[in-house]
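The working numbering numbers the first residue of the sequence shown as 10 and each following residue consecutively. What follows is a short report on a single structure.
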Amino acid sequence: MKIIIIGIGVGGLAAARYLLAAGHEVEIYEQAERLRTEGASLILWSNGTGILRDLGLEPEALGSRMDAMNTLSEDGHTLLKLNLNRLARRFGHPTVVVPRGDLLLELAKGLPASVLNYGKRCVAINEPLEGYSGPLVAEFADGTKAEGDIVIGADGHRSAVRRHLHGDTPATYTGLATWHGLTRLPVELPQETTGLVFHGKAGFATMFAAGNGQIQWVFVTPWAEGDTVPRGVRDERTGDLGVDAGTSAAGNLRERFGHLVSPVPELLEQLTDEEIGLFPHILHSVPDKIGQGRITLIGDALHAIPPTLAQGVNQTLEDAWCLNQVLAGSGRPAGFEELAGSDTKAIEQRLRLYESMRVKRLQRLHGMAKFSENRPTPSPVLRFTPWLVPHTSMTGWAVKTYSNFLA
Numbered sequence: 010m011k012i013i014i015i016g017i018g019v020g021g022l023a024a025a026r027y028l029l030a031a032g033h034e035v036e037i038y039e040q041a042e043r044l045r046t047e048g049a050s051l052i053l054w055s056n057g058t059g060i061l062r063d064l065g066l067e068p069e070a071l072g073s074r075m076d077a078m079n080t081l082s083e084d085g086h087t088l089l090k091l092n093l094n095r096l097a098r099r100f101g102h103p104t105v106v107v108p109r110g111d112l113l114l115e116l117a118k119g120l121p122a123s124v125l126n127y128g129k130r131c132v133a134i135n136e137p138l139e140g141y142s143g144p145l146v147a148e149f150a151d152g153t154k155a156e157g158d159i160v161i162g163a164d165g166h167r168s169a170v171r172r173h174l175h176g177d178t179p180a181t182y183t184g185l186a187t188w189h190g191l192t193r194l195p196v197e198l199p200q201e202t203t204g205l206v207f208h209g210k211a212g213f214a215t216m217f218a219a220g221n222g223q224i225q226w227v228f229v230t231p232w233a234e235g236d237t238v239p240r241g242v243r244d245e246r247t248g249d250l251g252v253d254a255g256t257s258a259a260g261n262l263r264e265r266f267g268h269l270v271s272p273v274p275e276l277l278e279q280l281t282d283e284e285i286g287l288f289p290h291i292l293h294s295v296p297d298k299i300g301q302g303r304i305t306l307i308g309d310a311l312h313a314i315p316p317t318l319a320q321g322v323n324q325t326l327e328d329a330w331c332l333n334q335v336l337a338g339s340g341r342p343a344g345f346e347e348l349a350g351s352d353t354k355a356i357e358q359r360l361r362l363y364e365s366m367r368v369k370r371l372q373r374l375h376g377m378a379k380f381s382e383n384r385p386t387p388s389p390v391l392r393f394t395p396w397l398v399p400h401t402s403m404t405g406w407a408v409k410t411y412s413n414f415l416a
């Protein structure tokens, strides 16, 4: 069976690795001219690291294991403590911080060159008339076409495939933005395997070790739709540098967060505008009916969520894993037809099964993501009663609740 994937990101590459291993013919098409490895680091929870291991990768070789996460108030009092090592023992897989570019390079490694097609912006998907079983045709801006039995949209929150299925339904801004980077600044964390989160009046900051002496740092602040990107800062929605002539981004962050406890001030003193990336947070609704016919969606094309829950890449890997379960044959329940060649009915059944496996979990996650964006700062009362709430158990519950892999 021939499968066309639109979008060469984490989801597209993971799906391609799975489906090639299952014996399918796979081609991936990407509008960029190369593999885009920009961006900072990603938190992979036990479900994400478990799926990477299922793909034959070792997450701890790509980044830095995180065994704990401590949340502090702006004056240094402990608000929350997460024992991630306990979750690793429970689920059998660790939490790891991995540079996004390294993950993409590792996922792409070993794929045949003929599978990866760059400079191909999808502009249309053509389906055969109802009742006919001809190939699906993806059309590209350069006039070329690709035919396949299945089309998978893995092309991000501005997905051409999603637009074909659901019309123009853009993601919405949540009111927050992330300023972040991945650097080798001479700033030491108290413990390399402990992530730190700092909450202040202007927003919150995080710092994690990301492997190879690198530190992932993040500052989250309010953001209104229409705000401009400061001069010299890279807008990660477009890859362009901002042209706003206002205050420098590094100076802005120092003003907002320079009063937080160490090591935040030390980090801020050394940052330059060129090291800072920016992306406003967005949220995409998850439709009740995800795909149609032999077309479906994975990743941000289906469920773009803000990074406050650190679930985006994990859910994308879940999509790829679930899709493989149904297309490789192991997910066929009683009564479903065997998947043979390009049998249209069997293919459609399998894709609807994949979507039914994912939709409720993703819709619950969407609701939680929306709530977290409205209340990004924990209650200050927690500084007096951190022992009242079993935060590690709650985090473990959330990781498993949103996971098919760990279910």
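A virtual CB, placed ideally from N, CA and C, is assigned to each residue, including glycine.
Per DSSP, the beta-bridge partners of Met78 are Leu91, Gly204. Between Gly57 and Leu306, the C-beta gap is not smaller than 8 Å, which leaves the two residues out of contact. When the beta-carbon positions are compared, Ser73 and Ala219 come within less than 8 Å of each other. Selection Leu116, Ile60, Asp328, Ala97 evaluated against Asp76 yields Ala97 as nearest (Cα-Cα). Excluding five sequence positions before and after Arg263, the CB atoms of its chain that fall closer than 6 Å to its own CB belong to Leu277, given in chain order. Note on geometry: alpha-carbon atoms of Lys369 and Ser257 lie some 43 Å from one another. In the structure shown, Trp226 falls within a strand segment according to DSSP collapsed to helix, strand and coil.
The C-beta separation of Gly209 from Pro231 comes to about 12 Å, leaving the pair out of contact by the 8 Å criterion.
Beta-bridge analysis with DSSP links Cys131 to Phe149.
When DSSP states are grouped into helix, strand and coil, Gln40 belongs to the coil group.
Listed in chain order, the non-local C-beta contacts of Pro179 below 7 Å within the same chain number zero, local neighbours out to five positions each way being set aside. The beta carbons of His400 and Leu81 sit no closer together than 8 Å.
Per DSSP, Thr353 lies in no beta strand (DSSP E); the unbroken alpha helix (DSSP H) holding it starts and ends at 353-383. Per DSSP, reduced to three states, the secondary structure at Phe100 is helical. Annotation: the continuous alpha helix (DSSP H) that includes Ser402 extends over 400-410. Inter-residue distance for Leu64 and Lys118 is about 12 Å (C-alpha atoms, whole angstroms). Between the beta-carbon of Ile291 and that of Pro315 there is about 7 Å, and that keeps the pair under the 8 Å contact cut. DSSP, read as helix, strand or coil, puts Val106 in strand. When the five nearest sequence neighbours on each side are left out, the beta carbons in the same chain lying within less than 6 Å of the beta carbon of Gln40 are those of Arg130, in order along the chain.
The residue from Gly20, Ala150, Ser294 with its alpha-carbon nearest to that of Gly176 is Ser294. Across the set Val19, Val335, Thr410, the C-alpha of Thr410 shows the shortest separation from the C-alpha of Arg373. For Ala259, the uninterrupted alpha helix (DSSP H) segment begins and ends at 258-266.
Of the residues assessed, Gln223 falls on the buried side of the cut-off, its CB having 16 or more other CB atoms within 10 angstroms.
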